[in-house]
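Numbering (the numbering used here), first residue to last: 23 to 243.
Ideal Cβ placement from N, Cα and C applies to all residues, glycine included.
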């Protein structure tokens, strides 16, 4: 495909759409691969896939292969799902929660997300879903952005407490955050400090792809 070849020289935009939730969504060939971007940041594939892959490696692929059920809050184009299924060969169930139906349509059309049989996509607000779900999960991946902004509720103790309560024994949370100024550093430090050290371990993997910081939480028992 000529667009793919040209993309090794310059990015080639092939789709652009205004979304009610995400403002502008773009699909672009970049360095020979399709990526999904919002107006100011990468939403799926490209740098985001590298960031979350790094977090999954830190948890360990061996541990992930033994898991039964993974929850993803914030699906976008589904790059982390492709990493789980294609690279790690995860065979369990994946539940993906995405608030923006426009993004799921694009993910299905350009990234074949609907062909992944073990994936269930739920169109819902992450906050509402977490309060409603009755399931327990071995891994919860939090990747919720509105362009470069992260909703405040993600960092509130009420929400983090609910997220932690959904973990199976020895389960993990992989939380992708964006650091753009000192207030975000303070916010992340506060978040970590509020995790109960008797029940969980928590660590940060700082400055991945310049602006991202991963928080990994493990339930001890």
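Compute every distance between the C-beta of residue 126 and the non-hydrogen atoms of the ligand ATP, then say whether any falls below 8 Å.
As far as ligands go, the structure on display features none, and thus does not contain the ligand ATP.
Enclosing beta strand (DSSP E) for residue 40 [first to last residue]:
Taken as a continuous stretch (DSSP letters only), the beta strand (DSSP E) holding residue 40 covers 34 to 41.
Which term fits residue 80, buried or exposed, when burial requires 16 or more other beta carbons within 10 angstroms of its beta carbon?
Taking all protein chains in view, the Cβ of residue 80 is surrounded by fewer than 16 other Cβ atoms within 10 Å, so the residue is classified as exposed.
Which of helix, strand or coil does DSSP assign to residue 122?
coil
Residue 11, DSSP secondary structure in three states
The chain is shown only over 23 to 243; residue 11 falls outside these bounds and no answer can be derived.
Let's test the definition: count the other Cβ atoms within 10 Å of the Cβ of residue 174 and tell me whether it reaches 16, buried, or not, exposed.
exposed
Run through the DSSP bridge pairs and tell me what residue 189 is partnered with.
BP columns for residue 189 point to 159.
Please say whether residue 76 and residue 227 have beta carbons closer to each other than 9 Å?
yes
Distance between beta carbons of residue 148 and residue 119, contact taken as under 8 Å:
5 Å
Pair within 9 Å by beta-carbon distance, residue 195 and residue 161:
yes
Residue 202 in three-state terms, based on DSSP
coil
Are residue 51 and residue 88 touching if we call contact CB-CB under 9 Å?
no
Buried or exposed: which applies to residue 96, given that a residue is buried once 16 or more other Cβ atoms fall within 10 Å of its Cβ?
Flag for residue 96 reads buried.
Alpha carbons only, please: which of 157, 240, 201 and 203 is nearest the one belonging to residue 219?
240
Measure the beta-carbon distance from residue 58 to residue 128 and round it to whole angstroms, keeping in mind my assumption that it falls under 8 Å.
Correct: roughly 7 Å between the Cβ atoms.
When you compare each of 155, 171 and 201 to residue 187 by their alpha carbons, which one comes out closest?
Comparing Cα positions, the closest option is 155.
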